[in-house]
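Working notes, structure below.
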Amino acid sequence: MKTAVIVFPGSNCDRDVAVALRAVTGTAPAMVWHGDSVLPRTDLIVLPGGFSYGDYLRCGAMAARSPVMQAVLEAARHGTPVLGICNGFQILTEAGLLPGTLLRNAGLSFVCRTVNVEVATADSAFTRGYEAGARLRLPIAHHDGNYFADAETLDRLEEEDRVAFRYVEGENPNGSARNIAGILSRSRTVLGLMPHPERAAEPVHPSTDGRALFEGLLGVMA
Amino acid sequence: MSSLSPDIIAEHGLTPEEYSRIEHALGRAPNLLELGIFSVMWSEHCSYKSSRRWLKTLPTTGPRVIHGPGENAGVVDLGEGLAVVFKMESHNHPSFIEPFQGAATGVGGILRDVFTMGARPVALLDALRFGAPDHPKTRHLVAGVVSGIAGYGNCIGVPTVGGEVNFHPSYNGNILVNVMCAGIAPSDRIFTSAARGAGNPVLYVGSKTGRDGIHGATMASAEFGAEAEEKRPTVQVGDPFTEKLLLEACLELMATDAILAIQDMGAAGLTSSSVEMAAKGGSGIELDLSTVPCREEGMTPYEMMLSESQERMLMVLRPGAEGTAKAIFDKWDLDAAIIGRTTDTGRMVLTFEGRTVADLPLGPLADEAPLYDRPHHPPTPAPLLAPDSVPAPQDLKGALLALIGSPDLSSRRWVWEQYDHMVGADTVLGPGGDAAIVRIHGSERALALTADVTPRYCAADPFEGGKQAVAEAWRNLTAVGATPLAITDNLNFGNPEKPAIMGQIVAAIQGLGEAARALDFPVVSGNVSLYNETEGKAILPTPAVGAVGLLSDLSARAHFALRGDGEVLMLVGETRGHLGASLFLRDIAGREEGAPPPVDLSAEKRNGNFVRSLIEAGSVRAVHDLSDGGLAVALVEMALAGRKGAHVRLEGLPCPLHAFLFGEDQARYVIACPADGADAVVEAAKAARVPLRRLGTVGGTSLVFETEGMDPVSIALPVLEAAHRGWFPKFIDG
Amino acid sequence: MKARVHVTLKPGVVDPEGAAIARSLGRLGFGGVEAVRVGKVFELALATSDTDAARAEVEAMCEKLLANPVIQSYRIELAD
Amino acid sequence: MKARVHVTLKPGVVDPEGAAIARSLGRLGFGGVEAVRVGKVFELALATSDTDAARAEVEAMCEKLLANPVIQSYRIELAD
Ligand SMILES: Nc1ncnc2c1ncn2[C@@H]1O[C@H](COP(=O)(O)OP(=O)(O)O)[C@@H](O)[C@H]1O
Ligand SMILES: [Mg+2]
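Protein chains in written order, with our numbering: chain A, 143 to 364; chain B, 948 to 1681; chain C, 187 to 266; chain D, 187 to 266.
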């Protein structure tokens, strides 16, 4: 399985996710610079976490207008799976690949901790490695993870079973609407999530619950 | 230009003697720009003029030391072709003026010190001291400093994995923000600042130069005239995004052979970086200031040379490598310009708009800068306090709850949850433990890191306090199973022109040195911050120590959480019940007095090596070193970390129970081992001549203390947790 | 010439920062603050001195980058 | 009544956000942007309807919380 990680100026989880992808797929991902306008042939595109453009203006706003994003949009339209983690999720909403937006955390502070997350649907290439309803321990680390969309959009996401992950009731760390931690595109081939599965992929990590996300993809793409 | 008034000289922080020394060195009077350059090079910060004589007494070498003090950071060999590069630095005064930006730019500065040497930064630690919690400024300062550190470290993607937070009224007007950074570099590709050879291009890269941080007092001087208000000096504002680009671009360029020498622009920016590069290389330097990238119009040579704008680097390139450098900096969207070249004249010559504006010999600026042997009164150490001279608390349980919920001992979770302590995916143990553990990327080895000092001990006895800081750092590394390698220090004191303060400095350095020698723990880098005084009142002497150790196999590491029911708890090391200068004495008994716990360095070494051998052999399930608050507090921390209780039965105590529980005797650890392995551990301790005492067993949902003649004291874990976790959030919410 | 772009949250969009500031103001003893909303202002120095061209250009900047139409609206002011 | 507080960086204080936005606009093809500076606006809904009292109150809020006097300056506008 071929994978590609997009590197924006200010990305800082690019190397981390590359390690996880390599461990699962056996091959190193292609690291694609944001200024490139063509993508290598790939079975999965990952937008990593970090602070693209310093999180200035709005998180993900400037990265979403990078040259490479045209190619990402095009690939997504043709069904190539796209995974946006943390800042990657913010970029996907800014680029219009996912609805809604991520506002400043309700507590206003950056939050880094391991949280309990529930798999809300197993019906996607990203979540097929889990049982629906399974509880995962996944690290979060963000300042702007407070998912917001209007009520209509939220209803539609739920009706279409597009909420992929939710914070466990009562443990919402950032004020996200309906405890949303991650959502899918209508095609179910684009996932954006705030937790970091690549930080929960090895025995030395706080958990290994993130590994199944990458492994599930491998099953589909191989 | 020729006559500078005594006022201007004084505003530049130069004494009349220092000024005549300048005139003598030049054979003429300096102009204002030259005076400014001398003033920053001869400042305490750049010249270490009060402390250098004593710093020289520290042990700085060892089989693993590649570069000791004198470079941007210390470099220690890790084997397998890698080295760790680390240093600690203060940003105390700027953080008091503007806590967010002051702390943020402090992080930026120490990161540059590390990646200037070719290392990728992998960990940050922050050692923070604030005034009394109820002082009107404290809360604002804490919130600002913590979010400033978070804002910078999180953005650049280097995990903040540890640190310290203390409160004491002596810091009301002078908070301390000390930040440590460690990075990993190939051991055969370390970059230094010595610019040898003439005719090599000098390249400036990074943010444009503005009027940031130009020394306030100098602003009143003649050159500014009527527009002075408009041009008011401004505090430095950090831009972690540009620093991230600078970091990646420098590491990319360092993989080529383009760079001959490199130096970050820290305090005193362009002045100290250019002087240091040329002076260390035994060359000379010529800069054309008209080519310096400036952010604002009309900047004068004086402003350019003294600006402390952040996120800038100066490097000397191999001739012909300009194109390689330019391509990489363009890719990363960074401003870069060739602003001069090296010479063989031993001088620094500055031109601006075709005129020579300064022409100075390098010697007097650097190596021949003033060096003082300031008068120092040796401090009188506080007398020892007998354990039974401190009355037992009325309510042992209440005392313990109060202590774990006190400003200095409560959980720091509110602080470190704001730090991305996991970015990099190599954090094996983040904040909250004894030392942090960060895996060496792509390997099964790891660094262990810690920052320690106990200022109240240093106040009571600077020599013992200095020893204790080193010993505690060594102990924290040992407690996770690491082999201690080397230390960095950050010496924070009051005004060295006062013999009593100078006495503290000398004694603390002697204490640090003695412990570093005894523990084979060389000092490879450091920083000095003096004049931390307000209205004549100095801070507690605070020689902060940052330390690095190596775990050669991640599978042999220890954690302090209690996990297994029925495991046997034991106390390693001797307890005499030392309550002098303890937190119990201060916060429960309301007394700040007595000698700090004496540090027996050979016991420290023996006990620590014993504990490390148990960890390596896999004989222990949990390890925690003892420090502030003593045994009782350590047990609470172990119980909370593992969500498991313990039953502790104490018999035949050498001192009153409260002294045994809260005494801060050094060289001690609590360990937990499997029940069927306990006897072997006891035997091993005997063989190693290490004092060991059984404390009880792990299990249950409460912490229970029992001793003859007393009803057992039992505290449920949720009660302990609420007391421990509660203080910080409540303090911040007001 | 100069342009000033005011970007504000659309009505109905939650404003966590505004809410937190309102709470803080309350804690600081400012009793009468019913609500706070936070907006941004961009001051642009433009090379052009043609007002119409400038307005069209700045509008395009807002649509493309400066504002997020999902949650924000914007207003442009021009001055020499 | 309503108060609007404009908070801007003092002249000479570096504005990394503005600089990043200016570069980004350039890359998007907006050639004529010489500089960008970013400010904040707080819109406050106040219980009082006394203009003088409101101004004094809002000024105190700026000093205490809304602005950082070391690097920012502020301007207050009141409206019913
Ligand atoms: N400012 C801080 N930033 C990050 N971690 C911190 C900070 N202050 C304290 N910690 C962490 O909290 C834990 C307890 O700190 P401390 O009581 O100083 O430990 P010790 O007594 O073992 O030296 C340590 O793991 C330390 O790294
Ligand atoms: Mg410890």
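Using N, Cα and C, we set each Cβ at its ideal position, and we do this for glycine too.
Own chain partners of residue i with C-beta closer than 6 Å, once the 5 adjacent residues on each side are dropped
i               : result
P1544 (chain B) : H1525, E1611, D1612, Q1613
A1169 (chain B) : A caution first: A1169 (chain B) carries a pLDDT of 34, below 50, which makes its placement in the model too unreliable to give a value.
E1111 (chain B) : A1074, A1398
P1431 (chain B) : W1421, L1424, F1468, G1496
R353 (chain A)  : A343
L1071 (chain B) : G1100, V1105, T1107, C1128
L1376 (chain B) : A1383, I1384
E1199 (chain B) : I1275
F150 (chain A)  : H176, S194, A205
V199 (chain C)  : I257
M1262 (chain B) : L1150, I1206, I1209
Endpoints, the beta strand (DSSP E) within which residue i is located
i               : result
I1679 (chain B) : First-last for I1679 (chain B): 1664-1680, but that is the alpha helix (DSSP H), not the beta strand (DSSP E).
P1133 (chain B) : 1123-1133
T167 (chain A)  : Segment 156-167 is the alpha helix (DSSP H) holding T167 (chain A); no beta strand (DSSP E) there.
L244 (chain A)  : 243-245
H1040 (chain B) : No beta strand (DSSP E) holds H1040 (chain B); the alpha helix (DSSP H) holding it covers 1039-1044.
V193 (chain C)  : 188-195
Where the alpha helix (DSSP H) containing residue i begins and where it ends
i               : result
I984 (chain B)  : 979-988
F231 (chain A)  : 229-236
Y966 (chain B)  : 963-973
Q212 (chain A)  : 210-219
S1557 (chain B) : For the record, residue 1557 (chain B) in the displayed sequence is Phe; it is not Ser. That run of the alpha helix (DSSP H) goes 1548-1564.
L1200 (chain B) : 1187-1201
G1310 (chain B) : 1309-1312
V332 (chain A)  : Run containing V332 (chain A): none in the alpha helix (DSSP H); it sits in the beta strand (DSSP E), 332-335.
I322 (chain A)  : Per DSSP, I322 (chain A) belongs to no alpha helix (DSSP H); it is in the beta strand (DSSP E), 322-326.
Sequence-distant residues of its chain with Cβ nearer than 7 Å to residue i (five each side left out)
i               : result
D201 (chain D)  : L195, R223, V224
A1316 (chain B) : M988, W989, S994, K996
R1321 (chain B) : S997, P1443, E1444, M1449
H149 (chain D)  : Any answer about residue 149 (chain D) is impossible in this case: the structure gives chain D only from 187 up to 266.
D1314 (chain B) : A1226
Cβ distance (whole Å) where residue i is taken to contact residue j below 8 Å
i               : j               : result
G1681 (chain B) : R213 (chain C)  : 6 Å
E1250 (chain B) : R1158 (chain B) : 6 Å
H903 (chain B)  : S1358 (chain B) : The requested residue 903 (chain B) is not part of the displayed model; chain B covers only 948 to 1681.
M247 (chain D)  : L211 (chain C)  : 6 Å
R1538 (chain B) : L1532 (chain B) : 5 Å
V1400 (chain B) : P1490 (chain B) : 6 Å
L1487 (chain B) : C1405 (chain B) : 6 Å
V147 (chain A)  : A160 (chain A)  : 6 Å
R1615 (chain B) : L1573 (chain B) : 4 Å
Sequence-distant residues of its chain with Cβ nearer than 8 Å to residue i (five each side left out)
i               : result
E245 (chain D)  : I262
D1335 (chain B) : C1602, P1603, A1606
A1215 (chain B) : V987, M988, S990, H992, C993, L1253, E1255
heavy atom of ligand 3 below 7 Å from residue i C-beta
i              : result
D954 (chain B) : The ligand content of the structure shown is limited to ligand 1 and ligand 2, which means ligand 3 is not among them.
Does the segment 952-968 of chain B come within contact of the segment 1428-1448 of chain B, defined as at least 3 CB pairs closer than 8 Å? no
Could you check whether the segment 187-195 of chain A touches the segment 1132-1145 of chain B, counting it as contact only if at least three pairs of C-beta atoms, one from each stretch, sit closer than 8 Å? no
Are the segment 1467-1484 of chain B and the segment 1575-1591 of chain B in contact at 8 Å, needing three or more beta carbon pairs? no
Ordered list of beta strand (DSSP E) runs contained in the segment 1385-1455 of chain B, each at least 3 residues: 1393-1399, 1430-1439
Could I get the ranges of all uninterrupted beta strand (DSSP E) runs contained in the segment 1263-1302 of chain B, with 3 residues as the minimum, in chain order? 1283-1290, 1294-1299
With a cut-off of 8 Å, do at least 3 Cβ pairs link the segment 314-324 of chain A to the segment 279-295 of chain A? yes
Between the segment 1404-1416 of chain B and the segment 1326-1333 of chain B, do three or more beta carbon pairs fall short of 8 Å? yes
Enumerated in chain order, which unbroken segments of the alpha helix (DSSP H) with a length of 4 residues or greater are wholly contained in the segment 1235-1262 of chain B? 1248-1253
Entirely within the segment 1598-1641 of chain B and at least 4 residues each: give me those alpha helix (DSSP H) ranges in chain order. 1604-1609, 1625-1634
Quick one: any contact between the segment 307-322 of chain A and the segment 229-241 of chain A, if contact means 3 or more CB pairs under 8 Å? no
Are the segment 962-977 of chain B and the segment 1434-1443 of chain B touching, with three or more C-beta to C-beta distances below 8 Å? no
Could you check whether the segment 1013-1025 of chain B touches the segment 1044-1055 of chain B, counting it as contact only if at least three pairs of C-beta atoms, one from each stretch, sit closer than 8 Å? no
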